[in-house]
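Asker:
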Amino acid sequence: MLIRQKTLLALISQANTPLHPTMFVKLAFLFRHETEPGGNLAFYDFIPYKYGPFSFSLYQELNNLRRDGYVIPDEERIALCEQTANLAAKKIDELPNEIREAADTTVKRYVGKSQTELLKDVYSRYPWYATKSELIDLRPKRMVDVKKAGLAVYTAGYEGRSVDAFFNHLLRHEIKQIIDVRANPNSRRYGFSQRKFCEIAKRLGLGYHHFPSLGVQSEHRKSLTDFDSYQRLLEKYEKEMLPQLGTEVENVGQLLKNTPSVLVCVEKDVRCCHRSRLADAVSQETGLEVKHL
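Under this note's numbering, residues 1 to 293 are what the sequence shown spells out, in order.
(1) Can you check the segment 93 to 133 for any alpha helix (DSSP H) of at least 4 residues that lies completely inside it and give the ranges in chain order?
(2) Between which two residues does the alpha helix (DSSP H) containing residue 253 stretch?
(3) Count the other CB atoms within 10 Å of the CB of residue 274; is the residue buried (16 or more) or exposed (fewer)?
(4) So, for residue 43: in the same chain, excluding its five sequence neighbours on each side, which residues have a beta-carbon less than 6 Å away from its beta-carbon?
(5) Residues in the same chain with beta-carbon distance under 6 Å from residue 276, minus the five sequence neighbours each way, listed in chain order, please.
(6) According to DSSP, simplified to helix, strand and coil, what is residue 265?
(7) Are there 16 or more other CB atoms within 10 angstroms of the CB of residue 182, so buried, or fewer, so exposed?
(8) Would you kindly check if the distance between the Cβ of residue 72 and the Cβ of residue 18 is under 9 Å?
(9) Quick check on residue 155: does DSSP put it in helix, strand or coil?
(10) Which residue marks the beginning of the beta strand (DSSP E) containing residue 334, and which one marks its end?
(11) Below 8 Å CB to CB, which residues in the same chain sit around residue 48 once its five sequence neighbours on both sides are set aside?
(12) Check the C-beta distance from residue 28 over to residue 107 and give it rounded, since I have them as a contact under 8 Å.
(13) Would you report the Cα separation of residue 247 and residue 226, rounded to the nearest angstrom?
(14) Below 8 Å on the Cβ atoms is my contact criterion, and I expect residue 200 with residue 262 to pass it. Report the Cβ-Cβ distance as a whole number of Å.
(15) Would you mind stating whether residue 102 and residue 38 have Cβ atoms separated by less than 9 Å?
(16) Tell me where the alpha helix (DSSP H) around residue 3 begins and ends.
(17) Are the Cβ atoms of residue 184 and residue 217 separated by less than 9 Å?
(18) Leaving out five residues on either side along the sequence, give the residues of the same chain with a beta carbon under 8 Å from the beta carbon of residue 65.
(19) Using CA coordinates, which residue listed in 164, 142 and 113 is at the minimum distance from residue 203?
(20) Compare the beta carbon distance of residue 112 and residue 268 with 9 Å and say whether it is the shorter of the two.
(21) Using a 10 Å radius around the Cβ and a threshold of 16 neighbouring Cβ atoms, would you call residue 152 buried or exposed?
(22) Can you name the start and end residues of the alpha helix (DSSP H) that residue 140 belongs to?
(23) If I'm right that residue 206 touches residue 175 with Cβ under 8 Å, what's the distance once you round it to whole angstroms?
(24) Are residue 192 and residue 158 touching if we call contact CB-CB under 9 Å?
(25) Between residue 68 and chain B, is the shortest Cβ-Cβ distance under 9 Å, so that the two count as touching?
(26) From residue 125 to residue 20, what distance separates their C-alpha atoms?
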């Protein structure tokens, strides 16, 4: 079991009372942002959503804890299962003292608040995460001033990021539409396989389009070993593959000229990703500036 999952068990255990899911997610958020262990752990990342800060990854792993019998199967209440309480206690005891103490501090500081009080508190101190809240009356009077994104050929790679961190990054840049340019949109990392990736995008109000023909097929990637081998492949992509994809490049250009959109692929380093060469081609087609996020 991962340390962050054990930390969830610690938060639930310290609360010593069933928690509403919204309350629980806010506790995890506050643990992440207000304790030293939470900031240093490979803990959950959060995005602004219907009721403030939210984490798709956290919910996925919470469901895994339900499946494994650590957490009760009631979706409206979060508590440890009595039958496996001893097992949960052993997992919590495996945590370093500083993490257990930080979980205890977070619970003692906030569990006594009503859900409305807690949300107002979180919204006022972390206003970015209130920007998509449906609880309009609880939003702070002074919201975050998010500048609207201009039209450009935006690109982004998700390597090294959680799905929540990646989407939070796009939302902060006011991206409205994702253009997935992976040839094979599969991933062992939660949230990045096409079906879940598209679902999360739509739940966040983002459009999603997939252009697999603009990606690089896996057989061309087998010999990639260093920076120079990547550059050779990208030269081939630019000079041999892209010229045959004029219609697809034009279609992507039309999307980019209408809505702030981002070309998405895997690699963190844009210099080693075909999206860099694709972005240049789309820029020539549309006259839009290339911006790598």
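All residues carry an ideal CB built from backbone N, CA and C; glycine is no exception.
Answerer: Let's see:
(1) Runs of the alpha helix (DSSP H) lying entirely within the segment 93 to 133, each at least 4 residues long, are 97 to 110 and 115 to 125 in chain order.
(2) Here residue 253 corresponds to residue number 253 of the sequence shown, with the count starting at 1. Segment 246 to 258, the alpha helix (DSSP H) holding residue 253.
(3) Within the sequence shown, numbered from 1, the residue matching residue 274 stands at position 274. So residue 274 ends up on the buried side.
(4) For the purposes of this step, residue 43 is identified with residue 43 of the sequence shown, where counting begins at 1. Within the same chain, Cβ atoms closer than 6 Å to the Cβ of residue 43 are found at 4 and 32, the five residues on either side in sequence being excluded.
(5) As a first step, residue 276 must be located in the sequence shown, where it is residue number 276. The answer, listed in chain order, is 270.
(6) Stepping through the sequence shown from its first residue, residue 265 is reached at position 265. Here DSSP, grouped into helix, strand and coil, assigns residue 265 to strand.
(7) Residue 182 sits at position 182 when you count from the first residue of the sequence shown. Around the Cβ of residue 182, a 10 Å sphere holds 16 or more other Cβ atoms; the residue is buried.
(8) The count along the sequence shown starts at 1 and reaches residue 18 at position 18. The count along the sequence shown starts at 1 and reaches residue 72 at position 72. It is a contact, given that the beta carbons lie within the stated cut-off.
(9) In the sequence shown, residue 155 corresponds to position 155, counting from 1. Residue 155 carries a strand assignment under DSSP once its states are collapsed to helix, strand and coil.
(10) Lying outside 1 to 293, the shown extent of the chain, residue 334 is not represented and no answer is given.
(11) For the purposes of this step, residue 48 is identified with residue 48 of the sequence shown, where counting begins at 1. Taken in chain order, the residues that qualify are 54, 128, 129, 130, 131, 132, 133, 168 and 171.
(12) As a working mapping, residue 28 is identified with position 28 in the sequence shown. As a working mapping, residue 107 is identified with position 107 in the sequence shown. Rounded, the Cβ-Cβ distance is 11 Å, inconsistent with contact.
(13) Start at 1 with the first residue of the sequence shown, and residue 247 comes out as number 247. Start at 1 with the first residue of the sequence shown, and residue 226 comes out as number 226. Straight-line Cα distance between these residues: approximately 32 Å.
(14) The count along the sequence shown starts at 1 and reaches residue 200 at position 200. The count along the sequence shown starts at 1 and reaches residue 262 at position 262. Between residue 262 and residue 200 the Cβ distance is about 14 Å, and since that is not below 8 Å, they are no contact.
(15) Within the sequence shown, the letter at position 102 stands for residue 102. Within the sequence shown, the letter at position 38 stands for residue 38. It is a contact, given that the beta carbons lie within the stated cut-off.
(16) Counting from one through the sequence shown, the residue named residue 3 turns up at place 3. Where residue 3 is concerned, the enclosing alpha helix (DSSP H) stretches over 3 to 15.
(17) On the sequence shown, position 184 is the one that residue 184 refers to. On the sequence shown, position 217 is the one that residue 217 refers to. The answer is yes: Cβ separation under 9 Å.
(18) The residue you call residue 65 lines up with position 65 of the sequence shown. Shown here for residue 65: same chain residues with a beta carbon closer than 8 Å to its own, the five before and five after excluded, namely 5, 8, 9 and 71 in chain order.
(19) Residue 203 sits at position 203 when you count from the first residue of the sequence shown. Out of 164, 142 and 113, 164 has the C-alpha closest to the C-alpha of residue 203.
(20) Taking the sequence shown and counting its residues from 1, the one referred to as residue 112 is at position 112. Taking the sequence shown and counting its residues from 1, the one referred to as residue 268 is at position 268. It is not a contact, given that the beta carbons lie outside the stated cut-off.
(21) Working through the sequence shown from its first residue, we reach residue 152 at position 152. Buried, since its Cβ has 16 or more Cβ neighbours within 10 Å.
(22) The count along the sequence shown starts at 1 and reaches residue 140 at position 140. Residue 140 -> no alpha helix (DSSP H), and no H or E assigned at all.
(23) As a working note, residue 206 is residue 206 in the sequence shown. As a working note, residue 175 is residue 175 in the sequence shown. 7 Å between Cβ atoms; contact.
(24) Position 192 of the sequence shown, counting from 1, holds the residue named residue 192. Position 158 of the sequence shown, counting from 1, holds the residue named residue 158. Between residue 192 and residue 158, the gap from beta carbon to beta carbon is short of 9 Å.
(25) In the structure shown, chain B does not exist; there is a single protein chain.
(26) Stepping through the sequence shown from its first residue, residue 125 is reached at position 125. Stepping through the sequence shown from its first residue, residue 20 is reached at position 20. For residue 125 and residue 20, the distance between alpha carbons rounds to 21 Å.
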